[in-house]
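Q: To convert, note that position 53 of the sequence shown is 122 in our numbering; the numbers rise steadily by one, no gaps. Using N, Cα and C, we set each Cβ at its ideal position, and we do this for glycine too. Okay, handing you the structure first.
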Amino acid sequence: MKRLLSILSVLSAMVLSVACSKDGINSITIDEELVNGALRMYPGQSKRLSVDLDPSDADEDLLRVTSSDSSVVRPSGLRLRALKAGKAVITVSSPGGRVSARLDVKVVEVDITAFDLSSTSLSLLPGESRTVQVKDIE
70 MKRLLSILSV LSAMVLSVAC SKDGINSITI DEELVNGALR MYPGQSKRLS VDLDPSDADE
130 DLLRVTSSDS SVVRPSGLRL RALKAGKAVI TVSSPGGRVS ARLDVKVVEV DITAFDLSST
190 SLSLLPGESR TVQVKDIE
């Protein structure tokens with residue numbers, strides 16, 4: 070009986086160590102449009118990162134997202150919030166840290182000197198709303 074318990078405890082320890090040593094994610098790819106090698110954001114902007122995982126059914130909620138400068142860009146899960154002008158490196162890593170991907174982020178101030186509106190006049194009744202497109206014409 071002692072021998073059987075001993076074998077069972079060794080087997081359960083082996084299963085536990087295998088389950089804990091692999092997070093199951095083989096690769097992480099951050100899929101964002103870059104401008105000069107960086108994701109461009111503006112202060113106050115919020116954006117959810119698009120990531121591709123291998124295997125494709127891996128759980129995104131388990132990913133760890135960190136910022137090299139959280140005073141510039143603050144991550145909350147895969148959602149990034151640009152706080153002020155500057156640069157930061159976002160790192161997305163698997164739960165065990167075995168696999169990771171990095172993304173340079175540049176937060177720039179908006180400096181519009183001229184713009185064009187899609188409408189020159191607009192009439193609204195109380196409670197109504199309309200969207201007006203603003204285009205930078207530089």
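Could you tell me which of Asp128, Ala157 and Phe184 sits nearest to Gly93, measuring between CA atoms?
A: Closest option to Gly93, Cα to Cα, is Asp128.
Q: Tell whether a beta-carbon distance below 7 Å holds between Asp180 and Ala107.
A: Not in contact: Asp180 and Ala107 (Cβ atoms no closer than 7 Å).
Q: Verify whether the separation of the beta carbon atoms of Asp115 and Arg150 is less than 7 Å.
A: Residue identity check: residue 115 is Ser in the sequence provided, not Asp. Closer than 7 Å, so yes.
Q: Cα separation between Pro144 and Val134?
A: Spanning the two alpha carbons is a distance of roughly 6 Å.
Q: Quickly, what does DSSP pair Asp180 with across the bridge? List them, please.
A: Per DSSP, none; premise fails for Asp180.
Q: I need the boundaries of the beta strand (DSSP E) containing Ser190, first residue and last residue.
A: Premise fails: Ser190 is in no beta strand (DSSP E) and is neither H nor E.
Q: Can you tell me where the beta strand (DSSP E) with Arg148 in it begins and where it stops?
A: Arg148 to Ala151 is the extent of the beta strand (DSSP E) around Arg148.
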